[in-house]
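Some notes on the structure that comes next.
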Amino acid sequence: MKYFHSGGRLKRVIMCPPEKEYFNVENLKEHNFQDIPNKERAIAQHTELRKLIGNSGVEVITVKELPGHPNSVFTMDTAVSLGDSYIKLRMGLPTRRGEDEWMGKILENLGLEKAGEITKPGTAEGGDIIVAYPYAFVGNSKRTNKEGLNQLSRIFEKMGYEMRIIDVLPHYLHLGGMMTFIGKDRVIACKNAFSENTLKDFEVLWINCHDVVTANVIYLGNNKVICRMRNYAARKILEQRGFKVYPVDLSEFTKGSGGPSCLTLPLDRE
């Protein structure tokens with residue numbers, strides 16, 4: 021069995037380019053959108069992100085949007101990959117239900133075995149789950165409920181991970197907006213969002229978070245990070261600490277309440 025660490029070098033991801041569904045949003049609130057994205061700009065921005073990831077030596081697997089699901093471009097939330105296996109989730113946002121089944125089939129077709137499954141009444145979304153062996157950090161949020169946490173705890177214990185629950189502050193959507201691993205011993209995280217000892221085992225780059233995805237970046241490995249172009253707080257501290265930062269305009273995905281890592285489902289890291 022492989023052990024997965026979010027701070028390892030990225031090797032393979034699943035991405036879902038926006039073509040039609042991402043722009044077909046009749047009710048912004050039901051889908052948790054802030055505004056209707058501009059189609060031409062969103063397609064160009066996603067293409068740039070895919071090229072940047074692919075040119076970094078990462079295998080990018082693209083999948084078609086799930087009909088009727090504008091949020092399916094945010095593949096991070098749909099499952100948890102553990103390298104050679106995955107955890108099938110149950111989405112917390114009702115309009116996203118079905119994306120979990122969709123991604124489960126995709127992962128099994130790629131040869132990943134199902135290590136566990138979140139079942140009703142439990143809910144859990146991938147943006148709340150950060151696996152960093154020997155730990156699994158899981159957010160207690162509006163999208164990942166108590167029953168989902170209980171089920172995840174049993175799954176991770178069986179697989180040899182120590183699960184740590186972190187309360188996601190009310191104005192954040194997922195734990196992934198509050199922290200990201202940028203190496204196996206380093207984390208970038210929002211100030212005043214964590215209890216004193218939560219991240220005591222790691223070197224933490226603390227930042228003042230001005231929005232719900234300030235600490236959300238994509239770690240490529242070898243001190244290389246993809247960051248939103250307008251995320252000046254994260255860009256500044258990462259560059260000061262010697263990271264190579266690749267800024268990308270993802271403003272059309274902020275309209276869908278997503279950050280950079282939300283657009284990728286990492287399958288393999290080393």
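In case it helps, this note's numbering puts the sequence shown at residues 21 to 290. Glycine included, every Cβ here is placed at the ideal spot set by N, Cα and C.
For residue i versus residue j, is the C-beta distance shorter than 8 Å?
| i | j | result |
| --- | --- | --- |
| residue 275 | residue 53 | yes |
| residue 271 | residue 200 | no |
| residue 144 | residue 127 | no |
| residue 225 | residue 257 | yes |
| residue 86 | residue 41 | yes |
| residue 26 | residue 289 | yes |
| residue 156 | residue 198 | no |
| residue 247 | residue 229 | no |
| residue 35 | residue 70 | yes |
| residue 82 | residue 37 | yes |
| residue 175 | residue 136 | yes |
| residue 182 | residue 206 | no |
| residue 68 | residue 98 | no |
| residue 242 | residue 262 | no |
| residue 163 | residue 218 | no |
Rounded C-beta distance between residue i and residue j? I'm assuming under 8 Å.
| i | j | result |
| --- | --- | --- |
| residue 193 | residue 232 | 6 Å |
| residue 202 | residue 268 | Incorrect: roughly 16 Å between the Cβ atoms, too far for contact. |
| residue 264 | residue 28 | About 17 Å separates the two Cβ atoms, so there is no contact after all. |
| residue 138 | residue 160 | No, residue 138 and residue 160 are not in contact; Cβ-Cβ is about 14 Å, not under 8 Å. |
| residue 134 | residue 106 | 6 Å |
| residue 237 | residue 254 | 6 Å |
| residue 165 | residue 180 | Their Cβ separation, rounded to whole angstroms, is 24 Å, which puts residue 165 and residue 180 out of contact at 8 Å. |
| residue 101 | residue 287 | 5 Å |
Taking residue i as the reference, which of the options has the closest Cα?
| i | options | result |
| --- | --- | --- |
| residue 31 | 184, 203 and 79 | 79 |
| residue 92 | 39, 254 and 176 | 39 |
| residue 89 | 262, 44, 213 and 241 | 44 |
| residue 190 | 214, 176 and 174 | 214 |
| residue 111 | 74, 84, 149 and 81 | 149 |
| residue 277 | 48, 170 and 125 | 48 |
| residue 196 | 217, 147 and 166 | 147 |
| residue 158 | 206, 109 and 141 | 109 |
| residue 33 | 24, 96 and 68 | 96 |
| residue 23 | 151, 140 and 260 | 151 |
| residue 21 | 129, 178 and 259 | 178 |
| residue 266 | 260, 249, 188 and 170 | 249 |
With burial defined as no fewer than 16 other Cβ atoms inside 10 Å of the residue's Cβ, what is the status of residue i: buried or exposed?
| i | result |
| --- | --- |
| residue 103 | buried |
| residue 131 | exposed |
| residue 212 | exposed |
| residue 168 | buried |
| residue 123 | buried |
| residue 251 | buried |
| residue 117 | exposed |
| residue 65 | buried |
Over what stretch of residues does the beta strand (DSSP E) that includes residue i continue unbroken?
| i | result |
| --- | --- |
| residue 183 | 182-187 |
| residue 123 | From DSSP, residue 123 is part of no beta strand (DSSP E) but of the alpha helix (DSSP H) over 119-129. |
| residue 289 | 285-289 |
| residue 30 | 30-35 |
| residue 8 | Since the first and last residues shown for the chain are 21 and 290, residue 8 lies out of range. |
| residue 79 | 79-82 |
What are the boundary residues of the alpha helix (DSSP H) that includes residue i?
| i | result |
| --- | --- |
| residue 273 | 271-274 |
| residue 64 | 59-74 |
| residue 168 | 166-179 |
| residue 49 | 48-51 |
| residue 258 | 252-260 |
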